[in-house]
Structure formats: C-alpha cells, structure tokens
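Student: Numbering (my numbering), first residue to last: 442 to 856. Every residue, glycine too, gets a C-beta built ideally from N, C-alpha and C. Owing to the predicted nature of the structure, the values given are computational and were not obtained by experimental measurement.
What follows is the structure in structure tokens.
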C-alpha cells in the first residue's frame with residue numbers, strides 16, 4: 442500500500458479523532474459555563490497526556506519496526522513486544538500515581554487528586570491496546586488500524602458526555618475515556634487471532650530501540666503541554682487560563698491530523714531500508730515532506746486570516762480575546778508535526794538519538810523563554826516561546842536529514 446493512500450486512511454481517522462475532541466471541548470465549555478472549570482479540564486488533559494506519552498510512543502514504534510523487518514516472525518515479535526510493553530506500562534502506572542501529589546501542589550487545587558486517579562487507569566489500557574495496534578501497523582494493515590484509531594474517539598465522546606450529564610464533571614470525562622479504551626481492547630483482541638508462535642523472539646532489541654523513542658516522545662508531549670501548566674502557574678484561577686485553553690485546543694489540530702505521516706513512514710521506510718530499496722525510500726521521504734510543508738503553510742495562512750471568526754463560531758462569547766495567540770500557536774503545532782515526521786524518518790533509518798537530543802534542547806528553550814517573557818509581555822510571550830524553539834529544532838533536523846540522505850545517495854552510487 443502506497444504512502445499517500447496509507448496516510449489518507451490515517452488522516453481520515455485523525456480528522457475523526459480531532460473532530461470528536463473539539464466537540465468534547467466545545468460541549469464542556471458551554472455546559473460548564475465557567476472558564477475556570479474549563480481551564481482546569483485543559484490542565485488535567487495536559488497532565489494526563491504527559492503520563493500517556495510514556496506508553497503511547499516508543500514501544501509501539503519499536504514493535505512495528507521489528508515486525509515490518511521480520512514478517513515471517515511477526516506474531517513472535519508481537520508476543521515479545523507485548524510482554525515487555527505491559528511490564529513497562531505497569532511501571533509507568535505506579536509512577537504516575539506517585540507523582541499525583543506533585544501535580545496537586547503545582548496546580549494548587551486538591552480536586553485534581555481524584556481526576557488524576559481516574560485518568561491513571563488509562564495507562565495500562567493504552568499499553569494493552571497499542572501493542573495490538575503496533576501489530577497491525579507493522580504488518581501494514583493500515584486500513585484496519587485506521588478503523589480502530591477512529592473508533593476510540595467516537596466511543597470516548599459518547600461515554601464522556603454521558604458521565605458529564607450524570608454530574609461527574611471532569612472526572613466523568615476521564616471515566617468516558619476509560620470505557621472507550623475497554624471497548625477497543627475487546628474488539629482488538631477479537632480482530633487479531635491468537636496463534637502459537639513457532640519460536641521465541643528476543644525482546645532485548647525491541648526494548649533498546651524503544652527507550653530513546655520514549656524519551657523523545659516525552660519531550661514532544663512536554664513541549665505540547667507545558668504551556669498550559671505554565672499559564673496555570675502564572676494566572677491561577679483567572680479566566681485567561683480558559684481563554685488560552687480554547688486557543689491552545691484549536692491550535693493542536695494540525696499536529697493531530699498530520700501525525701498520519703508518522704504512523705505510515707516507520708514501517709514502510711524500515712522495510713525498504715531492510716531490503717536495500719534506498720532509492721524508493723528517498724523518493725517517499727521527499728514526497729512526504731513536500732506535501733506536509735505545503736499543507737502546513739496553507740492551513741496556517743487560512744487560520745491566521747480567520748482566527749477570531751473560528752473561535753467565535755466554536756466557543757462562547759469572550760473566548761476570542763486571544764485569537765491572535767491562536768494563530769501563532771497553530772503555526773507552532775504545524776511545525777511540530779513536521780518535527781515529528783522528521784523524527785520518524787530518523788527512527789526508520791536507525792538514528793533514534795538525534796531527535797531525542799534536539800527536542801530536549803528546544804524544551805529548555807521554551808521554558809526559559811516563557812519564564813522570561815510572560816511577566817514582561819503577557820500571554821503573547823508564551824505563544825512566541827512556543828514557536829521560536831520548534832522552528833529551531835525543525836531546521837536542525839532538516840539539515841541533519843539532508844546530510845544523511847546525501848550519505849545514503851553516495852552509498853547507492855558506490856554500489
């Protein structure tokens with residue numbers, strides 16, 4: 442299956458994911474009718490995403506890569522990967538619980554302890570589900586994987602709204618997420634037929650390859666979530682937190698949709714590199730980056746032109762006061778999707794440490810710039826603190842990738 446067709450399936454699934462997420466955001470903004478409570482939901486989602494990134498990225502990509510390179514042992518790789526993945530997920534689950542008091546202290550809100558306890562249940566469920574999704578991805582069964590990617594958010598919003606209407610507020614949102622995960626777990630287990638492996642596959646290479654990806658993904662998640670935590674720290678119970686949360690929520694659309702390229706690049710390029718189809722790999726990379734950059738540019742220009750109208754259409758009156766901030770954040774997340782795609786290319790060609798180093802460098806830049814600029818320039822300082830570092834990181838990866846592709850091209854000519 443071609444890269445464009447595969448990416449199309451995932452883009453459709455990601456559009457469903459994003460649309461359902463924004464329906465939930467808009468519903469809660471109107472239903473709560475309280476920018477402070479809505480802001481607390483955004484902060485809780487940011488904290489939860491930091492915990493989930495430990496198990497959403499790293500092991501799934503590693504399992505997928507080794508399955509794509511060892512198709513005859515695909516099920517054996519899956520069993521070995523799922524075993525270590527579940528152990529890792531349980532460790533993260535316990536760690537997440539231990540850090541709950543810290544988040545309560547930072548947010549200065551004791552109600553977060555109950556919210557985070559409910560959200561912690563997502564960690565083992567995601568570990569289980571993602572191992573099956575990695576199997577589908579590694580076998581390049583992209584259409585089936587895209588179906589489950591789209592199914593989860595639909596179930597999630599259905600159950601979340603039910604629990605909210607029952608009066609559980611923010612805890613109800615996460616309870617809905619848990620129910621949706623359980624349904625996906627049951628269906629995925631039925632979809633992938635259990636069979637006896639011929640021989641065991643060592644889990645050691647899966648773990649070694651996954652760990653640097655985990656650290657890289659933690660950095661990306663922190664980069665996406667840290668702004669909400671910093672804003673909450675500086676503005677506490679101000680309505681500004683809710684207004685910024687609205688702009689931040691819309692701005693993440695390009696990242697979630699364009700992430701489709703990352704989902705297809707790793708298994709396809711890994712397999713091509715493994716069977717020495719280097720020319721095809723380079724062509725896919727160039728086509729992917731050209732298409733992605735074009736979409737980021739066009740979508741960012743459109744959003745910048747109509748930012749106020751977009752927020753007024755989606756959110757209640759008053760939220761559009763930070764529309765100018767949303768334009769900057771939208772472009773920032775679009776560039777971050779480019780950074781994610783470049784990172785996936787490096788993962789595919791076995792250079793997993795480069796992206797991890799760069800993301801933490803720009804994360805330090807974001808925190809340092811925001812601490813300096815928010816007291817002096819206000820909210821707009823946070824927006825510029827988000828976009829400037831990610832531009833630096835993406836340009837750095839692009840330069841390094843061009844150098845690496847030149848090396849691959851030289852190897853092809855010598856052969």
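Which residue marks the beginning of the alpha helix (DSSP H) containing residue 617, and which one marks its end?
Tutor: Residue 617 -> alpha helix (DSSP H) spans 610 to 632.
Student: For residue 668, count neighbouring Cβ atoms within 10 angstroms of its own Cβ and tell me buried if that reaches 16, exposed if not.
Tutor: When all chains shown are included, residue 668 counts as buried.
Student: Give the straight-line distance between the Cα atoms of residue 528 and residue 580, rounded to the nearest whole angstrom.
Tutor: So the alpha carbons of these two residues sit roughly 23 angstroms apart.
Student: Who are the Cβ neighbours of residue 690 in its own chain at under 6 angstroms, not counting the five residues just before and after it?
Tutor: Within the same chain, residue 690 has close Cβ partners 466.
Student: Can you list, in chain order, the residues of its chain with a C-beta nearer than 7 angstroms to that of residue 514? Leave out the 5 residues immediately preceding and following it.
Tutor: Closer than 7 angstroms at the Cβ level, and outside the excluded window around residue 514, lie 642.
Student: Quick check on residue 774: buried or exposed, where buried means 16 or more other Cβ atoms within 10 Å of its Cβ?
Tutor: When all chains shown are included, residue 774 counts as buried.
Student: The alpha helix (DSSP H) that contains residue 501, what's its start and end?
Tutor: Its alpha helix (DSSP H) spans residues 500 to 510.
Student: Would you kindly work out how many angstroms separate the C-alpha atoms of residue 523 and residue 588, rounded to a whole number?
Tutor: Computed Cα separation, rounded: 21 angstroms.
Student: Within 8 angstroms, do at least three Cβ pairs link the region 672 to 691 to the region 750 to 767?
Tutor: Touching, yes.
Student: Buried or exposed: residue 498, going by 16 or more other Cβ atoms within 10 Å of its Cβ?
Tutor: Residue 498 should be labelled buried.
Student: Would residue 471 and residue 755 be called neighbours here (beta carbons separated by less than 8 angstroms)?
Tutor: Going by C-beta atoms, residue 471 is not nearer than 8 angstroms to residue 755.
Student: Let me know the secondary structure DSSP gives residue 800 once reduced to three states.
Tutor: Here residue 800 sits in helix by DSSP.
Student: Looking at chain D, is there any beta carbon in it that lies within less than 8 angstroms of the beta carbon of residue 602?
Tutor: The displayed structure is made up of one protein chain only, and chain D is not part of it.
Student: In angstroms, rounded to a whole number, what distance separates the CA positions of residue 489 and residue 557?
Tutor: Distance between the alpha carbons of residue 489 and residue 557: 7 angstroms.
Student: Output needed for residue 646: all residues of its chain with C-beta closer than 7 angstroms, excluding positions within five of it in sequence on either side, in chain order.
Tutor: Taken in chain order, the residues that qualify are 507.
Student: Given residue 453, which residues of its chain have a CB within under 8 angstroms of its CB, disregarding the five upstream and five downstream residues?
Tutor: Taken in chain order, the residues that qualify are 587 and 591.
Student: At the level of alpha carbons, what is the spacing between residue 856 and residue 596?
Tutor: Per-residue confidence for residue 856 stands at a pLDDT of 33, beneath the threshold of 50, marking its modelled position as unreliable; no derived number is given.
Student: Measure the CB-CB distance between residue 778 and residue 807 and report whether it falls below 8 angstroms.
Tutor: Taking 8 angstroms as the Cβ cut-off, residue 778 and residue 807 do not qualify as a contacting pair.
Student: Looking at C-alpha atoms only, which residue of 835, 474, 482 and 481 is the closest neighbour of residue 661?
Tutor: Comparing Cα positions, the closest option is 835.
Student: So, using beta-carbon positions, are residue 674 and residue 547 closer together than 8 angstroms?
Tutor: Taking 8 angstroms as the Cβ cut-off, residue 674 and residue 547 qualify as a contacting pair.
Student: Take the Cβ of residue 492 as the centre, count every other Cβ of all protein chains shown within 10 Å, and call the residue buried at 16 or more, exposed below.
Tutor: Residue 492 should be labelled buried.
Student: Residue 566: which of 795, 792, 533 and 583 sits nearest, CA to CA?
Tutor: Comparing Cα positions, the closest option is 533.
Student: Return the residue from the list 652, 706, 571 and 610 that minimises the CA-CA distance to residue 559.
Tutor: Measuring from the Cα of residue 559, the nearest candidate turns out to be 610.
Student: For residue 780, collect the residues of the same chain with a Cβ closer than 7 angstroms to its Cβ; drop the 5 residues on either side in sequence, then sort them by chain order.
Tutor: Excluding sequence neighbours, residue 780 sits near 831, 834, 835 and 838.
Student: Measuring straight from C-alpha to C-alpha, what distance separates residue 793 and residue 648?
Tutor: When rounded, the distance between both Cα atoms is 13 angstroms.
Student: Using CA coordinates, which residue listed in 712, 740, 486 and 743 is at the minimum distance from residue 791?
Tutor: Nearest C-alpha to residue 791: 712.
Student: If you draw a straight line from the C-alpha of residue 737 to the C-alpha of residue 726, how long is it?
Tutor: Taking the straight line joining both Cα atoms gives about 16 angstroms.
Student: Answer with buried or exposed for residue 705, where buried requires no fewer than 16 other C-beta atoms within 10 angstroms of its C-beta.
Tutor: By the 10 Å Cβ count, residue 705 comes out buried.
Student: Leaving out five residues before and five after residue 460 in sequence, what residues of the same chain have Cβ atoms less than 7 angstroms from its Cβ?
Tutor: Excluding residues within five positions, none has a Cβ falling inside 7 angstroms.
Student: Assuming residue 503 and residue 701 form a contact by the criterion Cβ under 8 angstroms, report the distance between their Cβ atoms to the nearest whole angstrom.
Tutor: Between residue 701 and residue 503 the Cβ distance is about 20 angstroms, and since that is not below 8 angstroms, they are no contact.
Student: Secondary structure at residue 855, three-state DSSP: helix, strand or coil?
Tutor: Because residue 855 carries a pLDDT of 41, less than 50, the predicted location of this residue cannot be relied on, and no value is offered for it.
Student: Tell me which same chain residues have a C-beta within less than 7 angstroms of the C-beta of residue 703, skipping the five on either side of it?
Tutor: Only 781, 782 and 785 meet the Cβ criterion.
Student: Compare the Cα-Cα distances from residue 665 to each of 543, 680, 692 and 550 and report the closest residue.
Tutor: Among 543, 680, 692 and 550, the Cα nearest to that of residue 665 belongs to 692.
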